Amino acid sequence: MTQNIAILGASGYTGAELVRLIATHPSMRIAGLSGERKAGQSMASVFPHLRHLDLPDLVRIEEIDFSTIDLAFCALPHATSQAVISKLPGDLKVVDLSADFRLREAADYEKWYGKPHAATELQKQAVYGLTEFYRDEIRGARLVAGTGCNAATGQYALRPLIAAGIIDLDEIIMDLKCGVSGAGRSLKENLLHAELSEGYHAYAVGGIHRHLGEFDQEFSKLAGRKVEVQFTPHLIPANRGILATVYVRGEAEAIHAALSETYADEPFLQVLPMGEAPSTRHVRGSNFCHLGVVQDRREGRAIIVAALDNLTKGSSGQALQNANLMLGLEETAGLMLAPCFP
């Protein structure tokens with residue numbers, strides 16, 4: 000049975016990535032595409048790399064007949080998503096790619112996003128979309144909140160170690176590099192080629208990055224106590240990719256064993272041989288996450304390196320993985336594309 004899919008916000012990077020992935024999905028058909036500023040245009044004119052596909056034109060959200068839609072992806076900015084999803088049919092399955100439903104507490108949303116949550120009842124219903132750790136809840140969910148791409152990368156590196164109690168929870172340092180597509184497609188002066196190329200810089204320094212809200216929420220829940228990591232993101236002059244280098248106090252061999260055991264049966268999480276570190280170039284355009292563990296020169300300290308594609312496993316690929324579960328489809332459907340190299 001073919002499932003009819005709508006993508007709201009299809010004129011952005013994550014929307015285009017969803018189209019690319021669903022194009023080869025054996026059980027999904029794209030039946031509606033919205034793009035408020037691009038309404039009336041074809042996807043081929045907005046994204047020429049998709050011109051070979053037979054796709055509906057972009058329209059305004061209110062022009063989509065949701066009675067014919069089985070699941071909608073909402074690839075809209077935060078604050079916009081909660082307003083739009085509140086008006087969708089109550090029985091429509093939704094995967095939201097924004098930040099609007101990632102945090103469980105309204106006070107936490109206001110703290111990190113600077114305004115009160117306008118759909119708190121929906122916030123209570125939402126399931127956090129880190130697939131490998133919330134799989135059972137996602138299967139029965141009506142609304143799934145996709146994680147932040149940085150938040151997903153860090154959690155893949157750290158959740159098994161926190162659960163196993165094998166690292167010092169008060170000494171976690173995360174240094175993360177992210178490609179420029181993580182900032183979205185809207186025009187910003189600091190993202191112009193002349194402003195960004197030939198260098199990279201730290202941003203949100205000192206613990207003000209919004210994805211810290213997810214780290215605080217998830218790590219503290221897992222540990223049963225307050226856990227706050229040191230986290231500094233950097234913007235690099237690359238289109239795609241996230242590389243997180245995490246410094247911890249713990250035994251490297253035990254850390255590698257915990258990651259290997261946790262992810263042994265996970266189709267998209269690959270733990271490298273002990274001592275090897277991954278690269279973003281080896282996961283580009285794919286739903287895979289590669290993890291490596293290296294012994295630090297000091298005893299009792301280790302370095303974990305995690306790499307994924309921010310637009311795929313960090314966002315749209317994760318969203319499709321969750322949608323597959325929600326619709327009772329094979330979890331890996333449409334997602335086993337090999338990474339694009341070089």
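The sequence shown begins at 0 in numbering that gives the first Met the number 0 and counts up one residue at a time. C-beta atoms are modelled at their ideal positions from N, C-alpha and C, and glycine is treated no differently. Keep in mind it's a predicted model, so treat the numbers as computed, not measured.
Query	Result
Restricting to runs no shorter than 4 residues, where is the alpha helix (DSSP H) found entirely within the region 76-159?	79-85, 105-112, 119-124, 130-138
If we require 3 or more residues per run, which beta strand (DSSP E) segments fall completely within the region 160-246?	171-178, 229-235
Reducing DSSP to helix, strand and coil, say where Ala253 ends up.	helix
Measure from the alpha carbon of Thr261 to the alpha carbon of each residue in Arg158, Gly153, Phe46, Ala150, then state which is nearest.	Arg158
Does DSSP put Ile381 in a helix, a strand or coil?	In the structure as shown, the chain starts at 0 and stops at 341, and residue 381 therefore has no counterpart that could be examined.
Would you kindly report the start and end of the unbroken alpha helix (DSSP H) that includes Gly316?	316-325
Using the beta-carbon count (16 or more within 10 Å), is Gln154 buried or exposed?	buried
Identify the continuous alpha helix (DSSP H) that holds Val282 and give its terminal residues.	From DSSP, Val282 is part of no alpha helix (DSSP H); its letter is neither H nor E.
Should Gln124 be labelled buried (16 or more other beta-carbon atoms within 10 Å of its own) or exposed?	exposed
Cβ atoms of Leu191 and Ala257: under 8 Å apart, would you say?	no
Which residues in the same chain have their Cβ closer than 7 Å to the Cβ of Ser180, if we skip the five residues on either side of it in sequence?	Tyr12, Asn238, Arg239, Asn309, Leu310
Please classify Ala156: is it buried, with 16 or more other beta-carbons within 10 angstroms of its beta-carbon, or exposed?	buried
Is it the case that the Cβ atoms of Ala305 and Val293 are separated by a distance below 8 Å?	no
To the nearest angstrom, how far is it from the Cα of Leu328 to the Cα of Ser26?	8 Å
Can you give me the C-alpha to C-alpha distance between His289 and Ser44, rounded to a whole angstrom?	35 Å
Is the beta carbon of Leu175 closer than 8 Å to that of Ile241?	yes
Return the CA-CA distance between Ala222 and Glu16, expressed in angstroms with no decimal places.	34 Å
Out of Ala251, Gly8, Arg296, Glu136, which one is the CA nearest neighbour of Leu57?	Gly8
Within a Cβ cutoff of 7 Å, which residues of the same chain sit near Asn323, ignoring the five residues on either side of it in sequence?	Glu329, Glu330, Ala332
With DSSP as the reference, please indicate the residues paired to Arg28 in a beta bridge.	Asn3
Which partner residues of Cys73 appear in the DSSP bridge assignment?	Leu7, Asp95
Could you check how far apart the C-beta atoms of His65 and Leu91 are, in whole angstroms? I think they sit under 8 Å.	The residue you asked about is not His; residue 65 is Phe in the sequence shown. Phe65 to Leu91, Cβ: 6 Å. Contact.
How close, in whole Å, do the beta carbons of Ala243 and Thr152 come, if the pair is a contact with beta carbons under 8 Å?	5 Å
Please classify Gln229: is it buried, with 16 or more other beta-carbons within 10 angstroms of its beta-carbon, or exposed?	exposed
Over the uninterrupted alpha helix (DSSP H) stretch that includes Ala43, give me the two end residues.	42-45
To the nearest angstrom, report how far apart Arg59 and Tyr246 are at their CA atoms.	46 Å
For the beta strand (DSSP E) holding Ile303, just list the boundary residues, first then last.	300-307
Ordered along the chain, which non-local residues of its own chain (more than five positions away) have a Cβ less than 8 Å from that of Arg283?	Arg239, Gly240, Asp308, Pro338, Cys339, Phe340
Compare the beta carbon distance of Ser41 and Ile63 with 8 Å and say whether it is the shorter of the two.	no
Give the DSSP-derived three-state secondary structure of His48 in the structure shown.	helix
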